[in-house]
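Participant: For reference, the structure I am asking about is given below.
Number of protein chains: 2
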Amino acid sequence: MGGSLGLAARSKGLASPVVGFDIDPRALELALERGAVDESASDPAEAVSGADLVFLSTPLRVIVEVFEEIAPALTPGMLVTDVGSTKSRVVREVGSRVPRGVHFIGGHPIAGSEHEGISAADEDLYRGAYWILTPTDETDPAAYGRLVRFIGGLDARVLALPADRHDEAMALMSHLPQFVASVLMEFAADAMKGEPGLPFAAGGGFRDMTRVASSSPDMWLGILRDNREAALDALDGFRDSLSQARGLLAGEDWEGLGELLAAAQAARRSMPEKPGVRVGDLVEVDVEIPDRPGALAGITTAVGESGVNIEDLHIVHSAEGARGTVRLLVEGRDAAARAEDSLTSHGYRASVRESE
Amino acid sequence: MGGSLGLAARSKGLASPVVGFDIDPRALELALERGAVDESASDPAEAVSGADLVFLSTPLRVIVEVFEEIAPALTPGMLVTDVGSTKSRVVREVGSRVPRGVHFIGGHPIAGSEHEGISAADEDLYRGAYWILTPTDETDPAAYGRLVRFIGGLDARVLALPADRHDEAMALMSHLPQFVASVLMEFAADAMKGEPGLPFAAGGGFRDMTRVASSSPDMWLGILRDNREAALDALDGFRDSLSQARGLLAGEDWEGLGELLAAAQAARRSMPEKPGVRVGDLVEVDVEIPDRPGALAGITTAVGESGVNIEDLHIVHSAEGARGTVRLLVEGRDAAARAEDSLTSHGYRASVRESE
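Take a look at the structure:
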């Protein structure tokens, strides 16, 4: 994650210098050699000293600890984010430790692979990927806008979600599939013992379904610890569905089973593709920021709910009084209309700006 | 399947002419246009008339019916095979209808995708893929050798398995994963209703795991009907594993869960890659054919159990008496030694031929 981020930020000229620290000196050396960082630091506090923007790309379980290490070196105006796969605990625990004037916004790029470490770093990892941000009631709109622009500069697409909804969604779409893949792989490997010729014959379906089982167990333990309750909820729902489907097969209810398979096919085929790099024109949507806490989180979440990415975000005439306006840029007029509808239905005053 | 086969056979000069029939006249016309067949026939019997080798590339549920249609046009020496995804029923039902002197050998290429029809035909579909054959006690070694050579000519790799073990293995490695993928997709789609932004954020893991859910429901209903008992066994075993794993998560047994994830990771990482096209030297293994029914099936299965593909197969001095010898060609000396060991342990007299 960190290596890919450094490679991308440097190649796109988004930051200079990029300063890195890694607990493993060899990884840090390799990051220098590969051009993922301009400079290496000898400890986390040195790495962040004087930085505009800090990415905590550590394993999930040490994010809070590393934040505590860097906190003394953070100065007002600095913006810190992370790339952890769960958000509620991190946002809560880091949030309570943020020095005055420093900004922290939780993040989670939906990118990566079962490969780990600086040797797997890929300058294009984030290209066209979603990057979830989890603003809170305290999030500063201007800092949020800076982060959105940086992520947009990586050709990634920002989607805003409250941390708890992020975690529920990931339990369903990431943690449950990972759990199922690992159990399926282990079950099949056990059942295939004594049939040495068979694993060779595994087709693409089995290979696809078990690919994530080769991910790091440590990483997944950390994720499942943080998000245990939501993962259990998702798992129990899935087990109920599986039992019902088993009943159709056992009872030779071919009509019912056919309906299930057809519904799954329709759902899979209607699933949006990975977003890819933005190609449409940017359209501006202006939203009045109400004078209450959490306005930015509410606005960005309302837009996220409509499935629209915020490509850029600026604060306009915020200095004129208590009420400011946030100007969102989204891709294309359809997306702008959807964002406007969703904002309006959530009680915000939003309007698509007509271009001349 | 049929379209890809025609394209490959024609481009590699394995058969001429390739004559095709399809129940859908437009598909047949497109097959001609795309060069998947040299000639189109007006019915199945006309298509097979005078053929050396017949591939039944129909949906699973009509293989037997189509075989009955072509049976009157089959003459002694002709070789018929199929590409159905389950084998026990087809091999039993077609086997009991084979005219005297005609050869039928069940087959299942482990290839294909969630896309269907002639428009998805791909000349390279079988390149480097496994192709399972299910010889029986009645299978004629010379006919089997012809089929092995044809499949080898497609750059696919033959693995022999008895039909019932093929079906058990596929229940585990294909039908169970498909079932789980469909249930996971349907469950997640249902749970994501009202969160229109979320499906966009599905990462590669979810996409990989649900890809096969977009396959044809009709095809899968046919497979699950044929192989219901083995699929239920696999499903029940998987559900037990899932319940045990859930117990680890619910009970916060992080050590136990870590062991499970690590075992799954190790199993996935040690899973052999798709075989790819043969690159090593061919080594000959001679095996005496005992004078008893089922000798060929026994020999090919023993080799399959060792994970070795038979690249070619000839009958040598079979005319000299009741005892013949079958000469197998396998890739490399290691594979030859493994095949020899497995054959010897199954009571066959086998020897690797030393090259000069």
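Going line by line, the protein sequences match chains P and A. What the first sequence shows, in the numbering used here, is residues 1 to 356, in sequence order. What the second sequence shows, in the numbering used here, is residues 1 to 356, in sequence order. Beta carbons are placed, not taken as given, at the ideal position from N, Cα and C, and that holds for glycine.
Measuring only between beta-carbons, confirm whether Ser-214(A) sits less than 8 angstroms from chain P.
Facilitator: At least one chain P Cβ lies under 8 angstroms of Ser-214(A).
Participant: Counting pairs of Cβ atoms below 8 angstroms between the stretch 173–184 of chain A and the stretch 146–158 of chain A, do you hit three or more?
Facilitator: No, because fewer than three Cβ pairs between the stretch 173–184 of chain A and the stretch 146–158 of chain A fall closer than 8 angstroms, the two stretches do not touch.
Participant: Note the first and the last residue of the continuous alpha helix (DSSP H) segment covering Glu-369(P).
Facilitator: Only positions 1 to 356 of chain P appear in this structure, which leaves residue 369(P) out of reach.
Participant: So, for Pro-99(P): in the same chain, excluding its five sequence neighbours on each side, which residues have a beta-carbon less than 7 angstroms away from its beta-carbon?
Facilitator: Ala-71, Leu-74, listed in sequence order.
Participant: Below 9 angstroms between beta carbons is the criterion; list the residues of the stretch 252–267 of chain A that meet it against any residue of chain P, in chain order.
Facilitator: Cβ contacts with chain P: Glu-252, Trp-254, Leu-257, Gly-258, Glu-259, Leu-260, Leu-261, Ala-262, Ala-263, Ala-264, Gln-265, Ala-266, Ala-267.
Participant: Pairing CB atoms from the stretch 260–268 of chain P with CB atoms from the stretch 214–225 of chain A, are three or more of them under 8 angstroms?
Facilitator: Contact between the stretch 260–268 of chain P and the stretch 214–225 of chain A is present, because at least three Cβ pairs lie under 8 angstroms.
Participant: For Glu-320(A) and Asp-218(A), what's the separation of their Cα atoms in angstroms?
Facilitator: Since pLDDT at Glu-320(A) reaches only 48, below the 50 mark, its modelled position is unreliable, and the value read off the structure follows with that caveat. Computed Cα separation, rounded: 50 angstroms.
Participant: Please list, in chain order, all residues of the same chain as Leu-249(P) whose beta carbon is under 7 angstroms from its beta carbon, the five residues on each side excluded.
Facilitator: If we look at Leu-249(P) and ignore the five residues flanking it on each side, its Cβ neighbours are Leu-257.
Participant: Just the C-alpha distance for Ala-51(P) and Met-78(P), rounded to the nearest angstrom, thanks.
Facilitator: Cα-Cα distance, rounded: 7 angstroms.
Participant: Return the chain-ordered list of same chain residues with a C-beta closer than 6 angstroms to the C-beta of Ala-41(A), the five sequence neighbours on each side being excluded.
Facilitator: Here the set comprises Val-19, Phe-21, Ala-47.
Participant: Where does Glu-33(A) land, buried or exposed, given buried means 16+ other C-beta within 10 angstroms?
Facilitator: Its Cβ having fewer than 16 others within 10 Å, Glu-33(A) is exposed.
Participant: DSSP has Ile-105(P) in a bridge; who is on the other side?
Facilitator: Answer is Thr-81(P), bridged to Ile-105(P).
Participant: Label Lys-87(P) either buried or exposed according to how many other C-beta atoms from any shown protein chain fall within 10 Å of its C-beta, with 16 as the threshold for buried.
Facilitator: Buried is the call here.
Participant: For Pro-17(P), which residues from the same chain have a beta carbon less than 6 angstroms from its beta carbon, with the 5 sequence-adjacent residues on both sides left out?
Facilitator: The residues are Asp-38, Glu-39.
Participant: Distance check for Pro-293(P) and Thr-325(P), CA to CA, integer angstroms please.
Facilitator: C-alpha separation (whole angstroms): 15 angstroms.
Participant: Alpha carbon to alpha carbon, how far is Gly-106(A) from Asp-312(P)? Give it in angstroms, no decimals.
Facilitator: Cα to Cα, the separation comes out at about 59 angstroms.
Participant: Any Cβ of chain P within less than 8 angstroms of the Cβ of Leu-14(A)?
Facilitator: No, Leu-14(A) lies away from the interface with chain P (no Cβ there is under 8 angstroms from its Cβ).
Participant: Please confirm whether Asp-286(P) and Arg-327(P) have their CB atoms less than 8 angstroms apart.
Facilitator: Taking 8 angstroms as the Cβ cut-off, Asp-286(P) and Arg-327(P) qualify as a contacting pair.
Participant: Is the beta carbon of Ser-85(P) closer than 8 angstroms to that of Leu-60(P)?
Facilitator: Contact flag set, yes.
Participant: Per DSSP, which residues does Gly-20(P) bridge with? Please list them.
Facilitator: Looking at the DSSP assignment, Gly-20(P) forms a beta bridge with Ser-40(P).
Participant: Just verifying my parser: in three-state terms, what is the DSSP assignment at Tyr-348(A)?
Facilitator: Here Tyr-348(A) sits in coil by DSSP.
Participant: Is Val-183(A) buried or exposed, if buried means 16 or more other CB atoms sit within 10 Å of its CB?
Facilitator: Buried.
Participant: Does the CB of Arg-211(A) have a neighbour CB from chain P at under 8 angstroms?
Facilitator: Answer yes: the Cβ-Cβ gap between Arg-211(A) and chain P drops below 8 angstroms somewhere.
Participant: For a test of the three-state rule: what should DSSP assign to Ala-15(P), helix, strand or coil?
Facilitator: Ala-15(P): coil per DSSP, three-state reduction.
Participant: Is there a Cβ from chain A that is less than 8 angstroms from the Cβ of Arg-246(P)?
Facilitator: By this cut-off, Arg-246(P) is an interface position.
Participant: Return yes when the Cβ of Pro-141(A) is within less than 8 angstroms of the Cβ of Ile-315(A), no when it is not.
Facilitator: Yes, the pair counts as a contact, with Cβ atoms nearer than the cut-off.
Participant: For chain P, is any of its Cβ atoms less than 8 angstroms away from the one on Gly-280(A)?
Facilitator: By this cut-off, Gly-280(A) is not an interface position.
Participant: Hey, Val-330(A) and Val-308(A) are a contact pair by Cβ (cut 8 angstroms); roughly how many whole angstroms apart?
Facilitator: Indeed they touch by this definition, with Cβ atoms about 5 angstroms apart.
Participant: From Glu-288(A) to Tyr-126(A), what does the alpha carbon distance come to, in whole angstroms?
Facilitator: Roughly 31 angstroms separates the two Cα atoms.
Participant: Please decide whether Val-180(P) counts as near chain A, where near means a Cβ-Cβ distance under 8 angstroms.
Facilitator: Cβ-Cβ to chain A under 8 angstroms: yes for Val-180(P).
Participant: Whole angstroms is fine: what's the gap from Ala-101(P)'s alpha carbon to Val-80(P)'s?
Facilitator: It should be noted that the sequence gives Gly, not Ala, for residue 101(P). The alpha-carbon atoms of Gly-101(P) and Val-80(P) are separated by roughly 11 angstroms.
Participant: Taking Trp-131(A) as the reference, which of Asp-82(A), Ile-299(A), Ile-118(A), Gly-251(A) has the closest Cα?
Facilitator: Among Asp-82(A), Ile-299(A), Ile-118(A), Gly-251(A), the Cα nearest to that of Trp-131(A) is on Asp-82(A).
Participant: Would you check if the distance between the CB atom of Thr-112(A) and the CB atom of Ala-27(A) is smaller than 8 angstroms?
Facilitator: It should be pointed out that residue 112(A) corresponds to Gly in this sequence rather than to Thr. Contact flag unset, no.
Participant: Who are the near neighbours of His-346(P) in its chain, counting only those whose CB is closer than 6 angstroms to its CB and skipping five residues on each side?
Facilitator: Hits under 6 angstroms: Ala-302.
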